[in-house]
Structure formats: C-alpha cells, structure tokens
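S.K.: Structure provided below as structure tokens; questions to follow.
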Amino acid sequence: MAKRVAQRVEPMATDTTKDYTVVIGLEVHVQLLTKTKVFCGCVNLFNPENPNVQTCPVCLGMPGVLPVMNREAFRLALKTALALNCRIARFTKWDRKQYYYPDLPKNYQISQYDLPFSHDGWLEVASDEEFSEKRRIGIIRVHLEEDAGKNLHDETGRGTDSRVDLNRAGTPLLEIVSKPDIRSPAEARRYLEELKLLLTYLGVSDCNMQEGSLRCDANINLHLQEGDETIATPIVEVKNLNSFRAVELALQYEVGRQLDEFRSTGHRLGDVPKQTRGWDEKREITFGQRGKEEASDYRYFPDPDLVPVTVSDKLLEEIRGELCELPAARRERFRQQYGLSQYDASVIIDQGRRFADYFERVAQECEDGKQAANWVTQDVLREMNQRKVDIDKFPISADDLAFLLKKISARELTTKSARDVFAELLAGADSGTPPSAGRIDQIINERGLALVSDAGQLEGVITAVIARNEKAANDFRNGKQAAIGRLIGEVMREVKGADPKLVRQMLIEKIVGSEEA
Amino acid sequence: MEITQATAAELLRAMEQNELSCVEVTQAFLDAIQTRDVAVQAFLHVDPERALQQAEAVDQKRRNGQSLGRLGGLPVAVKDVLCTQGQPTTCASRMLQNFVPPYDAHVIERLKAEDAVLLGKTNMDEFAMGSSTENSAFQKTRNPWNLEHAPGGSSGGSAAAVAAGMAPIAVGSDTGGSIRQPASFCGVVGMKPTYGRVSRYGLVAYASSLDQIGPFANDVHGAALLMEVLAGYDSRDSTCADRPVPRYTERLDQPLDGLRIGIVEEHFTEGLDAEVESAVQDALKIYESLGARIEKVRLPHSRYAVATYYLIAPSEASSNLARYDGVHYGFRAQQFSNMVDMYSTTRGEGFGAEVKRRIMLGTYALSAGYYDAYYLKALKVLRLIRRDFDEAFAKVDVIAGPVSPTPAFRIGELVDDPLAMYLSDIYTISANLAGIPGISIPAGLSREGLPIGLQLMAPPFEEERLLRAARMFERETDWHRRRPKLMLTPQAGE
Amino acid sequence: MEKTLTREEVEKVAVLARLKLSDTELDRFTAQLGKVLEYVAILNEVNTDDVEPMAHAVEMKNVFRDDVPTPSLSREQALANAPKTDGKFFLVPQILEEV
Ligand SMILES: [Mg+2]
Ligand SMILES: [Zn+2]
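In order, the protein sequences belong to chains A, E and Y.
In terms of this note's numbering, the first sequence is residues 144 to 660.
In terms of this note's numbering, the second sequence is residues 549 to 1042.
In terms of this note's numbering, the third sequence is residues 2 to 100.
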C-alpha cells in the first residue's frame, strides 16, 4: 500500500501562466520468466555474484553457433500481448539490430523490426490516485528480443578497463512501447504500476527493477499552447530510470527543464537532434548523454539463422485459455461482488495476485467482504510489512482469519477482542504455536473474550454502575454525551466480553428512562 | 594397392577384410601430407598423433569384433571453417589464429560418431570469401595438377588434399560455389547439398542463408558415403530440415531410366571457355548414349545471379563477422586509443582485404537509405531465380552445365580484379540462391592438363537423384581415375 | 542505384563497420566497390513490383526448442579464448558513457 501514498513532489516548473500539455511515451523492457535463455539452453537466472558462469557458445556469440527460439518465451510473449489487448500478427520474424557494444557478443541483437508479433493494444490506468476514473494508454507494439550482458564500469575515473559479464546475455526480453498518450509524470508512474501488476499477475515476469527485470526509458516533450498555435518542444529520451519513483521524478524534472530550455532557446521539435539524457539519482536531475554515434543506422535485416513464425487460431485460443482473470477485471469484480470501494479494491489488487486470492478466500469464508477488506488492508498488511513477509509467508491462513471474523459477524466477539486474538495468534506463531481454529477458541476461552450479549446478565451490573456514578449519569442526562464513555468502560471492566453496543444501549435506556420515570 | 590413390570404397573394403589396418591407411595419408603438402600447402593444421590414436582405436574395435560406424576408419580432411573442440579453428584468418573452440560442429560430431579419422584442417579463403584460396592469411594452396595455378576456392585446401591423395574424402562448405568450383579445378567430386540438408551448427558463418556443408571425394561413391554421414536433422540449426536421409550409396549404381537433362541456354554464352564448353558437350553425348533426353530450359534470371549474390552474401557477412571485435575471443590489436578505436584497429588489422571488401559492401547495402535499393531488391530477385528453377525442374530431372567458365586460373591472375573474380562464380551461384543441390564431377582435361568439371543440379532434397545421375556418367568415363603427376612421383613435393 | 561511390561514403561505411582502413585501402576500395555497385545495378532491369522478398530459398517456419536447461560452459572455458580477462570478467578498454 506504500505506493498509494507516493510522495508528492512539486514540479520544478514555476511558470503556470503558459498553457502546456505534457506528452510522455514509455518504452519498457521486461525479462520473461523462462527456465532458459531465449536462444540457448543456459539457465535464465539473476546471478551477478558469479559472472560468466551462465554462458555457452551460443550466448557467447562464438563462431559457428546458431540460435533456436525458446517456445516458452514466445508463448509468454503472446500471453502478455493478449493481456495488453494487442493485435497478434499472424506472421512474424526476427531481425538483427546491429550496433557495437561489449555486452552484445555478436554485435547485433536479435530483435523484431518491421513485423513485431503484436501491435496496437492498450492498458487502462487510473486517472488519479483515488482511481476514480480510468484512462486508456495505447500500446504501439510489443516485441520479443534478447537481452544483452552487463558492462561494469570503473567508477574511480582512473580509466581502468571495463568488465563484461555475459550471464544475462540472451535472456528473453519483451519490449513494450506505449503511445505518447501519457499526460503527466504521475500517470507515467501509474502506467508502470499497472503494467507491473498485470505482468506479475500473468506470471510472465517478476518485474524486479532492482535486478533489472523491468527497465524503463521515457520519451517526453511538451505541447505549448500559444494562442491558436501548439508548439512541440524537442523530444528527450530519459534513460537509467531504476525505480518508478525515479521515472516520476525525472519526468517532473524534465517538464521544468524543457520549459526553461524553450524559454531560453526557442528550440522546437525538429530543430535539434533527439537528445538522450540520464537520471542522476543523487542530485535528482537529468543530464545529457552521448548518443550512440550512428544510433539511427542499426542496419536491421531479417536474421537468416531463424525462421519466421506463423500464429494459428488454435495457438491463440490455447494461450487465451491460459490467461487468468486480469487485475483490472478482478478489481471491478471485487468492487461489485464484495461491495468494496474503488480504493480498497485497488489496494487489494495492487498487492498482487496471491494477496487478492487471500482476501477473496477470507471474504468468501466469513461472508462479509467489507469486513474482510478492512482486515486484510489494515491488520494483515500492517503485520506483513512489519514482518517483511509476503502473503504466502503470513502466519494466519485465510481460513483461520475468516473463522475469527465470522465470530464478529455472529456477535460472538467484539472487533476489539478479535484484534486481541489476532495479535495473540501472531505472538503464538512467533514462538512456535501455529494459528488454527482451535487455537482461536482457546484464546477466547482463556482470556474470557466471549461476547456477553445476555441482557439479563448485564442488567444488575448496569444498575449498580449507574448507582455508583450518579454524577456521570446526570451529566449525560444534561447532554454531555462523553459522560457515557466512563460508564461503558466500568461495565466492560466488570463483565469481560460484554457487547459494548448492547451495554451502551442499555445504559442509555436506563439513564434516560429513569429520568422520564 | 596404392593407398593414397584408392577410393573410399576400396579403402573401406581393404580395412574390413583386414588387408589393411586403419593405422596403415592413416599413416599412408600422413606420409603423403608430409611429402606432398610442402608443395601443395593444403593443410593448415595436421595432428598426426591424434589421427593415429583414432586409427588405433578403430583397429582395436575391429579386432574386438565391435561394430564400426559408416566411415569405418576412413581418414578425412576438414575445411578449417568447421569448429573442432580443443583444436584450432582459424577460418584462415589472422582474426582467429589462436581460436580454439570449446565445441564440435555438428558434422564433426557425426564424423566422429561414424568412426572417421580426422587428419587435419584444410586451407581456405579467409572466412570462405573467395574463389581461389589466395585469400588465406597463412598460405596459398596450389593446384596439384599445376602448382602455378589456383586450386579454386574457398574450399581449395579440401579439394587439393583429395586431388593430391592426401585424403580420400574431405569436407568443405559452399556458399556460392566454394565446393563445386575447387572440385572442378582439382578434378575431384564435390557436392553442395540442398540448403537445410546438413546442419550448419559449428560452421563458421559467411552468408547464413546460403552456406552449406558438403563432401569432396575422388569418386561419386565417396561423396555419397560422406553425404550419408553429414546429412540429417540437428535441432541446433533452425534451418535444418527434419526429414530422413536416404542411403545414397545403396542405389547409386542403378541408372536413372528416361533421365531428362536440361541444358540452360543462358549458360552457353560469351565468357565460356571453348575447352570447357566442349567437355560439357561431350558429357551430354555420353548421357544421350545412355538413353537420357537432352532438353533446353531457360533460366531467364540467371544473368542476375551474381549481382544478387554479391548483395545478399556480403550483407549477411557484414553482420556475421561483426562479432570479431577483440572482446570475447580472437585477435585484439596492440595499439589503440579507446574502446571504439580498439574495435576498428582490431578489425582493420585482423581481416584481410577481401573480407574487408565484402564487409564494406554488405554494410553499405544494409545502411540507411540503401536497404530497399540493394538488399531488399536482391531478396526479390532471389524469388524470381528460385521460380525459374521450379519451372525448369517441372520439365527436366537434372540440369547439366559448366561449373566454372574456365579451368583453374593462375595464382595471382585475378586478385586485383574482385569483380572478375566474382564473375567466375557465375554458374555455381544460382544453386546457392535457389537452395538446390549441385555436384561437380571430373569431365575432362584441358590441353594444359588442367581438370574440367561438369555440374549437375537437381531440385531440393533430390541429392540421391543427383548422385545417381553423376554416377551414370562416371561409370562411362575414367576422368575420375586420372591423377596429377605430383601423386605419381611421391618425391615431387619434397 | 547508379551513382558513383565517393571516398567519403566509403569512409562513413568503414566507421559503421568498425574497420580502420589505410589511405591506400580507402582509395582502392572506393574504386573496387564502385565497380561492383555499378555492376549490381543490372538488378534495376528486373521488375519486382509484385514480388515478395525471399529470405531463404528453402522456406521453413515455426522452429522452436523446449524450455529445458542444458549445461553451460565453465567460466574458465567461457573466458579461455578472450584476449583480456581478470579471471572473472572479459576486460575491455573503459567505456565512456557521459558526455
Ligand atoms: Mg529493445
Ligand atoms: Zn547460452
């Protein structure tokens, strides 16, 4: 839930008199969760501690080797494209993108150029933090390619050699290119969050930005409105964005910088070559980068070592059948089926598929969706964060939590008592007593938490408490609402597990009734 | 039996009947290499110890009554374009002078599995680019029939090795004629199979969509036998055909009834040497005498084949050879100022002139603004060339014609005229572009005593038809029994 | 297609191809490649308006491998042929990224 309260950062731009639109397009690369690399049998694992142990002649680009396409990589790619509402090309092929770089052993990347396997899709993104409306961000294309290895640079500036690790070379990579439909840095972040959610739901990628399994480049410029004229500023590509927050901050910075630059240079789109800028995380600024010398001349041509792929109806149906309920659909269903607010539904969905599964199990078992939502989004999430575990490792199972919540609905337990039991269960779990339904009953018994809602049993105590607290009763009679609290507290202390609602109701009846009498 | 003049079948029979041991056979070829290769310069690496070890192992198996592979101890020479695990693989390039692959090419695995004895690696044009083997960074191979002449290329080393009796069979690769042309120049049999018939895994790529591995032998049977071993499915090559391999040797001696032979009008035009033309005509007469029907066919786009080839092949080459950059393996220059300069200097120093020329040509053809006019245009013409062949093969079973416009040219004659050298591939290039199999068989000698080859081509995957048609001719002639003088006087090379 | 190749173009291509060429090579290649380009211009004679490009003469499709791991090389094997390593990584002259 942390990301829902993402830090607000004021845009740098101060000139608000000028009307402008921010235009952002994102290019996202995600590694696919296959067992092996895309063109060889080396394992696909993040392993920076042991450089150059996951290579073979094929991914080293040795003389004489040939690539063979990993079927699973193609299937995961298809699955993703379908989930992104893309149109699937019935004929697709692989092209070589040529540039020289030490992490690219063949000095060309096998990628897709003019016939990507999918194109023209969209992703629905919340238009604000509260998710009150949705916006459809267009996807230009999704294509499959191979990842490069990793270059490690000497940071000391002493000019020593750079090091090259090829463990990552040949990892299957999806490139997802959005249309320039994104209208704010915050929306860019929400797009990425929603995309990550979708990909992790599908299980096609773990989208771990720290490990580089999701990487993002952003293209941004401004459309300035001057009278009837719309002026586009030069497009800038921002790279090295290694967190969603970095994306948002860098783009915010760019908005201001581009406004300033336009004011000082008057440069419009087309006046200067496209610029590439990096993101300096420490200083929180973007900086100009050397473009690849002949970036515009990749000399793409069809890779003669690979053969084209045709996608049949049968294959498409098969993959469609493998799609799970997607987050957007599930969010909507939770809202309707369990009566959740958009916000609660989003919090639950955003925690990922397993968390939503947990919630849904609790909701179904305790037959109170709202109650279940309250508990999982507050108590469960808080404890998970504190323990730094994900839902799979959370000690209280969905069934046990539902068992506990059911007692609240059945008025056998107060919410407060239930929280005590919840805490006790966790404490027990930490010291080796696994939570269970039996354990819940045991705690309730031992601590006498069972809700007393027998009016007869309370009658005497209430009469005695009012008698002992004449002043408080009078205060209440005279309109001092708060006075009742003390009385309720006293009753509750005497009758552990007393139903506070009932106590309050009986006290009021007694006090007010006696006055009338 | 003079071992080094024997055919593969004769040697196999002699070993099977224990008239000769594999060690004796291997030793005879190693001796021949030692005496003759000083003059011929066909081999880049020979590993006598390893070869004799393999031979000894074969003899051991035979003695133990174990079953042996199809090559049963036959020594084989391998073009240095095929990766051999733990043994140098240089592609005759300074760039790979010290490269030792950590893996075997698919065909090397096949050769080992069928009990071949690997004699060594043969010279070639650097990265298989050339038609004379003069583009080797290390040595110039000589034509065994006349040492002043080129053996052809790029598989000149393998062709010369077989012609000089330094190996009974050899493996080469053919991208635009690199097996058939040297076979023709050296008077041996050489075949380029259908694209996809042999796995390219471990064949150092020149032009991936055209490269094929194929056999050399001193008779058609030897080529057929080696083809049985080389051909077949390999999951590591996506372009390798998953279809069964016929036993080419089994029906080799059955003549083809009612064989229809096509001759291509466009082949008999200016530029074709009169002696080559008459050798081809003589061959056709022999086929006619065997009951074959000769029919004219047209390949209207054949005149565009060389241009098409010299756009597609260099384009692919420019990409395939990008990996030689001094980072992960191979040569690295000593002096450079930065990373980019390291690349350029390494490649500038590591590659020879012809390789650089083709990289330049291909880079140009693929570069922004030229792609459509050059590379894409060539791919379209390619389809028309293939269509021509489909139409021709609807009428005839095989197509016969010259291999090369002339017999072997002199060493140095064409080195400074790349275009003239390219044009000498005019008859062989089409088969690579169309993906069809082609074979060159000895069909004559020029007045100067240089061999002349006859080329036969067949539809895709009709290698068996091709070999049987070739064998029909071979049975009626003794061109394949001729040997260069150098072989008849064992001391010639010393 | 029919235009003569200039030395400057050859120089540009040499940069793209990462080939350091001497002055003599540049001159020679300009002439030789120019001749080849003139020759290949005969393809302009061919009408290819409705012709699909053909990437392979033997057209195949849908070739895949299963997602099953196979052994990798050891690090020693992977680095064995490299011109420069530190025993763990391939080493290259420093790559400069910032302007
Ligand atoms: Mg990409
Ligand atoms: Zn690998």
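For glycine and all other residues, C-beta sits at the position ideal for the given N, C-alpha and C.
1) Taking 7 Å as the CB-CB limit, is N294/A close to chain Y?
2) Taking the straight line between their C-alpha atoms, what separation do you get for E776/E and I717/E?
3) Tell me which residue opens and which closes the beta strand (DSSP E) that Y857/E is part of.
4) What do you get for G750/E, buried or exposed, if any count of 16 or more other CB atoms within 10 angstroms of its CB means buried?
5) Between Y749/E and chain A, is any beta-carbon pair separated by less than 7 Å?
6) T520/A to Q418/A, Cα distance in whole Å?
7) Bridge partners of P445/A, per DSSP?
8) Chain Y partners of N195/A, CB-CB under 8 Å?
9) When the distance is taken between beta carbons, is E633/A closer than 7 Å to V595/A?
10) Mind checking whether the beta-carbon of C185/A lies closer than 6 Å to any heavy atom of ligand 2?
11) Do R474/A and I492/A have their C-beta atoms closer together than 7 Å?
12) Check whether the Cβ atoms of V828/E and P950/E sit closer than 7 Å, and answer yes or no.
13) For V52/Y, return the contacting residues in chain A, with the cut-off set at a CB-CB distance below 7 Å.
14) May I have the straight-line CA-CA distance separating R871/E from S915/E, to the nearest angstrom?
15) Does DSSP put D162/A in a helix, in a strand, or in coil?
16) How would you call R554/A, buried or exposed, if buried means at least 16 neighbouring beta carbons within 10 angstroms?
17) For E380/A, is the beta carbon positioned less than 6 Å from some heavy atom of ligand 1?
18) Using a C-beta cutoff of 7 Å, does M775/E count as contacting chain Y?
19) Counting beta carbon pairs with one atom in the stretch 732-751 of chain E and one in the stretch 849-862 of chain E, are three or more of them shorter than 8 Å?
20) Report the start-end ranges of each alpha helix (DSSP H) in the stretch 483-513 of chain A that is 4 residues or longer and not cut off at the edges.
21) Which ranges does the alpha helix (DSSP H) cover as unbroken runs of at least 4 residues, wholly within the stretch 12-44 of chain Y, from first to last along the chain?
22) Name the chain E residues whose beta carbon is nearer than 9 Å to that of L27/Y?
23) What's the gap between the Cα of I761/E and the Cα of K531/A?
24) What does P84/Y touch in chain E if you count any residue whose Cβ is under 7 Å from its own?
25) For E902/E versus G678/E, is the C-beta distance shorter than 7 Å?
26) Scan the stretch 638-652 of chain E for residues whose Cβ lies nearer than 9 Å to a Cβ of chain A and list them as they occur along the chain.
27) If you reduce the DSSP assignment to three classes, tell me which class G1091/E lands in.
28) Mind listing, in chain order, the continuous beta strand (DSSP E) runs of no fewer than 3 residues lying wholly within the stretch 255-341 of chain A?
29) When you compare only the Cα positions, how much space is there between Q565/E and M549/E?
30) Which ranges does the beta strand (DSSP E) cover as unbroken runs of at least 3 residues, wholly within the stretch 691-736 of chain E, from first to last along the chain?
31) Are the Cβ atoms of A590/E and A709/E separated by less than 7 Å?
32) Using a Cβ-Cβ cut-off of 7 Å, state whether V14/Y counts as contacting chain A.
33) What does the Cβ neighbour count give for Q197/A, buried or exposed, with the cut at 16 atoms within 10 Å?
34) If you measure from the beta carbon of S867/E to each beta carbon in chain A, is any gap under 7 Å?
35) Examine chain A for any beta-carbon lying closer than 7 Å to the beta-carbon of V64/Y, and answer yes or no.
36) Helix, strand or coil for E170/A? Go by DSSP, reduced to three states.
M.R.: Well, looking at it:
1) yes
2) 13 Å
3) That residue, Y857/E, is in no beta strand (DSSP E); its alpha helix (DSSP H) goes A853 to N868.
4) buried
5) yes
6) 44 Å
7) D238/A
8) R76, A79, L80, K89, F90 and F91
9) no
10) yes
11) yes
12) yes
13) Residues of chain A passing the Cβ test: none, with the nearest at roughly 16 Å.
14) 18 Å
15) strand
16) exposed
17) no
18) no
19) no
20) 485-493 and 496-509
21) 24-41
22) Within chain E, no residue comes near L27/Y; the closest Cβ sits about 10 Å away, beyond 9 Å.
23) 59 Å
24) G874 and R880
25) yes
26) C639, L644, F647, P649, P650 and Y651
27) Only positions 549 to 1042 of chain E appear in this structure, which leaves residue 1091/E out of reach.
28) 261-269, 277-289, 293-295, 305-308 and 315-321
29) 14 Å
30) 717-722
31) yes
32) no
33) buried
34) yes
35) yes
36) strand
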